[in-house]
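Okay, here's the thing in structure tokens:
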């Protein structure tokens, strides 16, 4: 096992040195798309090289300790060597697992920011209220992670909550964590509108899209039709007097179907129309990027039937049972009874379990 891992690691040394040289080449730096790709590879290979260095050090320490145990006659030295051997072997075991994961190709999207969409599904007013609860849950979670969440657009429910709310989440490695939330979230509880105390089942859909960079998709900006309108909601007198809200209409041919579609995006996030235009354009890029990569997502799903983060937004992934205070994630049979804390943003433990499950599948697929 150790020799096999070392062979794999040694084979990457020359590539790391090559990439290290390439990212300082002015011609490469001038090609932004290639430069970004190479700097990402450089970071990933750098992590592997750091692990390789520690792995070799631990192997050498273990070998030295074994030699002392076998040849040294000093009892104290032997005792110390045994302790060092146990420590080195324990770390070697941990490093083997860490290196295996590092050697499995990561999802290239994991480091990206996201567009988070939450929509009330079946259940009418109660579904909108639940969508509002999910938005609050994610807001609290993002706050804990130190990520910045900003609302791009929303449509309120008649009894509260949201029929639909779209947000941008910016931070380090956001998509790699949030991607596990895509899918149908089901709630079982007595709605505030229920007079006879009956438990209802409602649902909301969550979509987590990796935010597209400007060079990920090509858009003919001259073909975009822009409309402006007055925003509604909080914001003072300026809201109703200035047409700061923007709406972009763009005709786009879906490469997967060959059908021409109209994409419509809105942004009322700020009271500055140029900023709203800039953010609407970023959302337009993200939507097109997401659709163009659906084939890639479908391919992953077909190859890994049990993968927990395929991005399938029609799959029921989690149930929130209020009478029992229970959360159940159906992908990994994960059940806990701390619903109040969960709805306050304490969702990392569930995500950690999902990451472990996916990593196990990745290792199995890579035969490591």
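Residue numbers (our numbering): 1 to 368.
From the three backbone atoms N, C-alpha and C, an ideal C-beta is built for every residue, glycine too.
Keep in mind it's a predicted model, so treat the numbers as computed, not measured.
Extent of the continuous beta strand (DSSP E) run through residue i
{"i": "residue 162", "result": "162-170"}
{"i": "residue 210", "result": "200-210"}
{"i": "residue 148", "result": "148-156"}
{"i": "residue 265", "result": "260-267"}
{"i": "residue 320", "result": "316-321"}
{"i": "residue 183", "result": "183-189"}
{"i": "residue 326", "result": "326-329"}
{"i": "residue 335", "result": "334-336"}
Beta-carbon contacts of residue i that lie in its chain and below 8 Å, excluding the five residues immediately before and after
{"i": "residue 340", "result": "325"}
{"i": "residue 102", "result": "44, 47, 48, 51"}
{"i": "residue 82", "result": "65, 69"}
{"i": "residue 217", "result": "285, 288, 289, 292"}
{"i": "residue 221", "result": "281"}
{"i": "residue 38", "result": "19, 22, 23, 28"}
{"i": "residue 71", "result": "none"}
{"i": "residue 137", "result": "342, 343, 344, 345, 347"}
CA-to-CA distance, residue j to residue i, given in whole angstroms
{"i": "residue 148", "j": "residue 142", "result": "7 Å"}
{"i": "residue 335", "j": "residue 343", "result": "14 Å"}
{"i": "residue 229", "j": "residue 243", "result": "5 Å"}
{"i": "residue 206", "j": "residue 182", "result": "5 Å"}
{"i": "residue 65", "j": "residue 47", "result": "27 Å"}
{"i": "residue 268", "j": "residue 246", "result": "7 Å"}
{"i": "residue 321", "j": "residue 359", "result": "28 Å"}
{"i": "residue 352", "j": "residue 199", "result": "30 Å"}
{"i": "residue 104", "j": "residue 180", "result": "19 Å"}
{"i": "residue 20", "j": "residue 6", "result": "21 Å"}
{"i": "residue 185", "j": "residue 113", "result": "22 Å"}
{"i": "residue 355", "j": "residue 318", "result": "15 Å"}
{"i": "residue 350", "j": "residue 315", "result": "17 Å"}
{"i": "residue 264", "j": "residue 212", "result": "17 Å"}
{"i": "residue 191", "j": "residue 55", "result": "56 Å"}
{"i": "residue 338", "j": "residue 189", "result": "15 Å"}
{"i": "residue 77", "j": "residue 364", "result": "42 Å"}
{"i": "residue 107", "j": "residue 40", "result": "12 Å"}
{"i": "residue 153", "j": "residue 274", "result": "16 Å"}
{"i": "residue 17", "j": "residue 25", "result": "13 Å"}
{"i": "residue 4", "j": "residue 125", "result": "58 Å"}
{"i": "residue 145", "j": "residue 171", "result": "8 Å"}
{"i": "residue 261", "j": "residue 253", "result": "6 Å"}
{"i": "residue 84", "j": "residue 332", "result": "38 Å"}
{"i": "residue 219", "j": "residue 203", "result": "35 Å"}
{"i": "residue 330", "j": "residue 197", "result": "27 Å"}
{"i": "residue 11", "j": "residue 347", "result": "39 Å"}
{"i": "residue 62", "j": "residue 42", "result": "30 Å"}
{"i": "residue 227", "j": "residue 169", "result": "25 Å"}
{"i": "residue 452", "j": "residue 123", "result": "Limits of the chain in this structure are 1 at one end and 368 at the other, which puts residue 452 out of reach."}
{"i": "residue 259", "j": "residue 283", "result": "21 Å"}
Residues near residue i by beta carbon distance below 7 Å, same chain, minus five either side
{"i": "residue 109", "result": "175, 210"}
{"i": "residue 140", "result": "344, 345"}
{"i": "residue 276", "result": "244, 245, 246, 267, 268, 269, 270"}
{"i": "residue 34", "result": "28"}
{"i": "residue 279", "result": "152, 267, 269"}
{"i": "residue 173", "result": "110, 111"}
Own chain, CB closer than 6 Å to residue i, minus 5 neighbours either side, in chain order
{"i": "residue 15", "result": "none"}
{"i": "residue 58", "result": "88, 91, 92"}
{"i": "residue 224", "result": "248, 250"}
{"i": "residue 151", "result": "167"}
{"i": "residue 164", "result": "119, 155"}
{"i": "residue 236", "result": "Low per-residue confidence applies at residue 236: pLDDT is 46, beneath 50, and the placement is therefore not dependable, though the value from the model is reported in the following sentence. If we look at residue 236 and ignore the five residues flanking it on each side, it has no Cβ neighbours."}
{"i": "residue 74", "result": "none"}
{"i": "residue 303", "result": "The predicted position of residue 303 is uncertain, since its pLDDT is 43 and thus under 50; a value taken from the coordinates is nonetheless stated next. So no residue of the chain qualifies."}
{"i": "residue 9", "result": "52"}
{"i": "residue 178", "result": "114, 208"}
{"i": "residue 187", "result": "130, 202, 320"}
Extent of the continuous alpha helix (DSSP H) to which residue i belongs
{"i": "residue 76", "result": "75-103"}
{"i": "residue 62", "result": "32-71"}
{"i": "residue 249", "result": "No alpha helix (DSSP H) holds residue 249; the beta strand (DSSP E) holding it covers 245-253."}
{"i": "residue 225", "result": "Run containing residue 225: none in the alpha helix (DSSP H); it sits in the beta strand (DSSP E), 225-229."}
{"i": "residue 175", "result": "174-178"}
{"i": "residue 291", "result": "273-292"}
{"i": "residue 341", "result": "339-343"}
Below-8 Å beta-carbon distance, residue i vs any chain D residue
{"i": "residue 227", "result": "Structure shown: chain D not included; a single protein chain is present."}
Assess contact between the segment 156-163 and the segment 85-104, defined as three or more Cβ pairs (one per stretch) separated by less than 8 Å. Is contact present? The segment 156-163 and the segment 85-104 do not touch, with fewer than 3 CB-CB distances between them shorter than 8 Å.
With a floor of 4 residues, list each alpha helix (DSSP H) that falls wholly inside the segment 108-149, ordered by position along the chain. The qualifying runs are 125-145.
Are at least three pairs of beta-carbons, each pair with one atom in the segment 105-119 and one in the segment 129-137, less than 8 Å apart? They touch, by the three-pair rule.
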